[in-house]
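A short write-up of the structure that comes next.
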């Protein structure tokens, strides 16, 4: 004996799949809440500020480097950096803690740096800061092997360097240089 005929069987089939999709959607949303993944870097950044009871900070510059986004921000007399990483090709998650430092206007450059090792073989190191001396137009990091990385300074005065390498650790960073508009070094500090 058949209980469902024709259209009734199709409706039941759709109803069963509808329930499965709703349950799956519920578990996916709960997973996103638990892991703090978001479909946009901006949403992940906003949530991280809320979780750290920080801000709201003013986003000054958004720096995109490979699969990471650095938000350079200001809040009161501090500047901060928020680092987000893209996972699975489309989801964004906060990669590191929320770092901030008081801006020291008497210093030509105020900066902070940090790093960590992924999978016991890849260093992820960053250096971010703000230029307080208006004569400095470019920031350069010099490594022990004479290689350098440069970052042109925009109106905000903020900058960000990110290095991911299995050979570059803190020991390879030699100095931070501030360059004026004529290409002359006017600030130098050992790292």
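In my numbering, the protein residues as written are 4 to 194.
We put the CB at the ideal spot given by N, CA and C, even for glycine.
Review point. Can you name the start and end residues of the beta strand (DSSP E) that residue 39 belongs to?
Key: For the purposes of this step, residue 39 is identified with residue 36 of the chain shown, where counting begins at 1. That residue, residue 39, is in no beta strand (DSSP E); it is neither H nor E in DSSP.
Review point. Which residues mark the beginning and the end of the beta strand (DSSP E) in which residue 93 is found?
Key: The residue labelled residue 93 in the question sits at position 90 within the chain shown. No beta strand (DSSP E) holds residue 93; DSSP gives it neither H nor E.
Review point. Leaving out the 5 sequence neighbours to the left and right, which residues in its chain are closer than 7 Å to residue 156 when beta-carbon positions are compared?
Key: Numbered from its first residue, the chain shown carries residue 156 at position 153. So the qualifying residues of the chain are 134, 139, 140, 141, 142 and 162.
Review point. Got a sec? Which residues, its chain only, sit under 7 Å from residue 130 by beta carbon, not counting five neighbours each side?
Key: By 1-based counting over the chain shown, the position of residue 130 is 127. 114, 116, 144 and 164, listed in sequence order.
Point to revise | Chain-order list of residues whose beta-carbon lies under 8 Å from that of residue 4 (same chain, five-residue window excluded) | key: For the purposes of this step, residue 4 is identified with residue 1 of the chain shown, where counting begins at 1. Confidence in residue 4 is poor, its pLDDT being 42 and thus under 50, which makes the residue's placement unreliable; the coordinate value appears in the next sentence. Same-chain partners within the cutoff: there are none.
Check your understanding: Helix or strand or just coil, what does DSSP make of residue 149?
Key -> Your numbering for residue 149 matches position 146 in the chain shown. Reduced to three states, the DSSP call for residue 149 is coil.
**Study point:** Contact set for residue 147: own chain, Cβ-Cβ below 6 Å, skip 5 residues either direction
**Key:** Translated into the one-based positions of the chain shown, residue 147 becomes position 144. Excluding residues within five positions, the ones whose Cβ falls inside 6 Å are 175 and 177.
Check your understanding: Near residue 16, which residues of its chain fall below 8 Å by C-beta distance, leaving aside the five closest residues on each side in sequence?
Key -> Sequence index remark: in the chain shown, residue 16 carries index 13 (1-based). Counting only Cβ-Cβ distances below 8 Å, and skipping sequence neighbours, we find nothing.
Practice item. Using a threshold of 8 Å, state whether the C-beta atoms of residue 74 and residue 85 are closer than that. Key: Position 71 of the chain shown holds residue 74. Position 82 of the chain shown holds residue 85. For residue 74 and residue 85, yes; Cβs fall inside 8 Å.
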